[in-house]
Amino acid sequence: MIINFKGANTYLGTGGKSLDINKRTLCFLHGSGQNHLSFIQQARFFAYKGYSVIVPDMPAHGFSDGNPCKSIKENAEWINDLLVKLNLKDVVVIGHSQGCLVALELNRILKNSLEALIFVAGSNEIPVNQFLLDLSKENPQKASQMMVTWGHGVDGDMSINKWPGHSHYGEGNNIMCMNKPTALMYDLHSCNDYSDGIDAAKNIKVPALAVLAKNDQMTPLKSGLKFVELIKNCEIHILNCGHFLPSERPIELNSIINSFLSKLK
Amino acid sequence: MSENYKFDTLSLHAGHIPDKETGSRAVPIYQTTSYVFNSTEEAASLYNMEVGGHLYTRISNPTVAALEQRLASLEGGASALACSSGMAAMHLVVSAICSSGDHIVASSKMYGANINLLQHTMPRFGVNTDFVNPNDPEAIKSAIKPNTKLVFGEVIGNPGLDIMDVPKIAKICNSKNVPLVLDATFNTPYLMQPFKHGANIIVHSLTKWLGGHGIAIGGAIVNGGNFDWGDKDKFPTISGPHFALGGISFWEEFGPSALIAKIRAEGMYNFGPSLSPTNAFHLMQGIETLPLRMKKHIENTHSILDFLVNHEMVEWVKHPDLETHPDHEVAKRILPKGSGSIVAFGIKGGREAGKAFIESVQLASHLANVGDAKTLLIHPGSTTHSHLSSEAMKEGGLTDDMIRLSVGLEDINDITKDFERGFKAVKKLNK
Chain A
12 MIINFKGANT YLGTGGKSLD INKRTLCFLH GSGQNHLSFI QQARFFAYKG
62 YSVIVPDMPA HGFSDGNPCK SIKENAEWIN DLLVKLNLKD VVVIGHSQGC
112 LVALELNRIL KNSLEALIFV AGSNEIPVNQ FLLDLSKENP QKASQMMVTW
162 GHGVDGDMSI NKWPGHSHYG EGNNIMCMNK PTALMYDLHS CNDYSDGIDA
212 AKNIKVPALA VLAKNDQMTP LKSGLKFVEL IKNCEIHILN CGHFLPSERP
262 IELNSIINSF LSKLK
Chain B
-13 MSENYKFDTL SLHAGHIPDK ETGSRAVPIY QTTSYVFNST EEAASLYNME
37 VGGHLYTRIS NPTVAALEQR LASLEGGASA LACSSGMAAM HLVVSAICSS
87 GDHIVASSKM YGANINLLQH TMPRFGVNTD FVNPNDPEAI KSAIKPNTKL
137 VFGEVIGNPG LDIMDVPKIA KICNSKNVPL VLDATFNTPY LMQPFKHGAN
187 IIVHSLTKWL GGHGIAIGGA IVNGGNFDWG DKDKFPTISG PHFALGGISF
237 WEEFGPSALI AKIRAEGMYN FGPSLSPTNA FHLMQGIETL PLRMKKHIEN
287 THSILDFLVN HEMVEWVKHP DLETHPDHEV AKRILPKGSG SIVAFGIKGG
337 REAGKAFIES VQLASHLANV GDAKTLLIHP GSTTHSHLSS EAMKEGGLTD
387 DMIRLSVGLE DINDITKDFE RGFKAVKKLN K
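Chains A and B are the protein sequences, given in the same order. Just so you know, we're using the working numbering here: the first sequence kicks off at 12 and counts up by one. Just so you know, we're using the working numbering here: the second sequence kicks off at -13 and counts up by one.
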């Protein structure tokens, strides 16, 4: 659905069901240069399981207008304001990649009032190499292509997909091309500049789940494991795939998240 | 397409990894109609399009999916769907995008069945087509109306071998917010990948060079994922609410793969032109050797062009790789590896000469197919178009004396020797 938020058309994926603020809401936060379509196989799955689902396209991403947020904090404040506008209270936040950093900051803003946090292919820091930062400014399309290639495991190369007929690369590239040209550059700089992840992770007091990827070249497993050590009582799962875990291992990821959610109050 | 693996490798591997349970290296033929659900919840999630998977072979099948994913990878598309024939593919695309009152702009120089579908069948359902010269970008531009929902053409026209200037036409379509749909059967992704030139949707007859062995009929749609279907007034079938699944908007839910999701959910579900798993397997076996075959097809085609151009019994030869072809410059630009292995030529002596030639050759097969590993010939004047007058044939870009040759992979000397046999018979007739 499209809403007017902060003076701009803003798209919220709801998994094909209406938003019901009286239900527990799962708020999915996409990664750098992504949009709601990176959670194609999560949004409908959880909406049809009875949850309210929102997958916002951050400003200048996907179907949302507006100017891109320029820091992780700005992204988190934007999400916080959105949750307030929608009057959502019982919220579980699920971040992928950059979305994990935004979730960390959002939890600080909300002073641990979220119901739970789920980190998918995440870390407390996402340094970005200078070459990719520069390329995202000069040629965002090429930068997107490189991210899609690095980001997927071997299934990407060989077009192995549980979704019949779909290509990880072809779909991934086009999802990233839907964003405004400057969106990726600001996302990557936001990730690279973020340095409060350790404190934010240590501060987590809500139930937490981390699903990491064995062959992740964007947020390497080593970094992810260090991150989850900072979080008290974090449930950890490692799947055999690349960084684009939501599309590479949708059924396994959904099952892990579903099981974690069923244990929450 | 993969950045890490090249075309030849993907032709062999894309879409399949060895089966974990059995170790099967070849793609298994899942000859099954349906799939056991582990729970009612799993069944519901497949019906609701919550996650990927298979529920009934009319909609999808693991063997067919391996073929689809191989095609998506080779074309550099977002997604693909295989179906029972190339014509089924074309009809699925048209019916997914167009409704009564909509309009199509199409090339006037196309395969007869493509023209028949648009000229005679679709108008019965309220979808009308204006046919324009594919080599006239301005004519295409002026033919696009506010209710035009797609522009359709063939990269290499059948049988006239006109070459569409894809980058130029794509630019026009893009500026008018209309998808460019191309039949890329004659070029295959080995010779040219239309998405790199701005096309949006590709349809294939897999029966031809992709399958390559004349043993299985099949078709496919490859979706570039590069078209914005967001205009709900213009493309309500893709971005507006669908009657099923709680009013799903395919564009909102599936973005770059909206068209394929829509076709799978509606076209395959309601019309049912599914590809059999066994045929999908056969077609994939063909694709494994596509790069090798296409190289040899082009090599033999160039040799046969030399032979025909210099032959005393040949009136004319048409192939885009010849400098005499009106689209030679476009062909050089967009088909640098070669413009396919179909050759049209005229034999001195008209309709009767053509007939005599066809009836005298022994190695080349006289039949209504193209793209086989074997050399094929047909004389439209005495077969497919025998009911037409010379004038009517001319209007369709055909002539009485025209032979359509699909150059195969035999030893080139054996092909030319066989043709000499045919020319000898024509000489006898002309005396």
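Built from N, CA and C at the ideal position, the CB exists for glycine as well.
- As DSSP reads the structure, E140(B) sits in a beta bridge with D169(B).
- Excluding five sequence positions before and after G112(B), the CB atoms of its chain that fall closer than 6 Å to its own CB belong to S86 and G87, given in chain order.
- Flagged as an interface residue toward chain B: P261(A), by a C-beta distance shorter than 7 Å.
- Per the coordinates, the alpha-carbon of F405(B) lies some 9 Å from the alpha-carbon of I344(B).
- Contact check for E182(A) and A75(B): beta-carbon distance about 20 Å, past the 8 Å limit, so the pair fails to qualify.
- Taking the beta carbon of E182(A) as reference, the chain B residues within 7 Å of it are A64, S65, G211, P242 and S243, listed in sequence order.
- Taking a Cβ-Cβ threshold of 7 Å, the residues of chain A close to A51(B) are P175 and G176, in chain order.
- Contact of Q52(A) with chain B is assigned, a C-beta pair being separated by under 7 Å.
- For L48(A), the residues of chain B that pass the 7 Å Cβ criterion are G241, in the order they occur in the chain.
- With respect to the 7 Å criterion, N226(A) and G164(A) are classified as neighbours on the basis of their beta carbons.
- Annotation for F23(B): no alpha helix (DSSP H) segment contains it, and DSSP assigns it neither H nor E.
- With fewer than 16 neighbouring CB atoms inside 10 Å of its own CB, D204(A) falls in the exposed class.
- In the three-state reduction of the DSSP assignment, K341(B) falls in the helix class, which pools H, G and I.
- Residue-level contact by beta carbon fails for A156(B) and chain A, as no gap is shorter than 7 Å.
- C-alpha of I207(B) to C-alpha of V37(B): approximately 21 Å in a straight line.
- Contact annotation: I83(B) and I126(B) have beta-carbon atoms that are not nearer than 7 Å.
- With respect to chain B, the C-beta atom of M187(A) has no partner C-beta closer than 7 Å.
- Here V118(B) has V91, A92, S93, S94, A125, I126 and A129 as same chain residues with Cβ atoms under 8 Å from its own Cβ, once five neighbours each way along the sequence are excluded.
- Note on the stretch 64 to 136 of chain B: whole alpha helix (DSSP H) runs with a minimum of 4 residues are 72 to 83, 98 to 102 and 123 to 129, in chain order.
- Contact of A12(B) with chain A is not assigned, every C-beta pair being separated by 7 Å or more.
- Taking a Cβ-Cβ threshold of 8 Å, the residues of chain B close to F56(A) are S31, E36 and V37, in chain order.
- For the alpha helix (DSSP H) assignment, the uninterrupted runs of no fewer than 4 residues enclosed by the stretch 294 to 361 of chain B are, from N- to C-terminal side, 314 to 320 and 336 to 346.
- By the Cβ criterion, the stretch 234 to 244 of chain A is in contact with the stretch 209 to 224 of chain A, since at least three pairs of Cβ atoms, one from each stretch, lie closer than 8 Å.
- Ranking V159(A), K173(A) and P192(A) by CA distance to the CA of Y180(A) puts V159(A) first.
- Listed along the chain, the chain B residues whose CB falls inside 8 Å of the CB of Y59(A) are A30, S31, N34 and E36.
- When rounded, the separation of the alpha-carbon atoms in M35(B) and E28(B) is 11 Å.
- Out of D313(B), G394(B), G198(B) and L294(B), the CA that lies nearest to the CA of M270(B) is found in G198(B).
- Going by DSSP, T174(B) is part of the alpha helix (DSSP H) stretching over T174 to L177.
- Between N46(A) and D76(A), the C-beta spacing is not below 7 Å.
- Judged by their CB atoms, L37(A) and V103(A) are nearer to each other than the 7 Å cut-off.
- The closest CA to that of N186(B), considering only D386(B), I284(B), V79(B) and N173(B), is found on V79(B).
- One finds S31, E36 and V37 in chain B with Cβ atoms closer than 9 Å to the Cβ of N265(A), taken in chain order.
- About 6 Å separates the Cβ atoms of K194(B) and V356(B), confirming a contact at the 8 Å cut-off.
- Distance between L276(B) and L192(B), taken at the CA atoms: about 11 Å.
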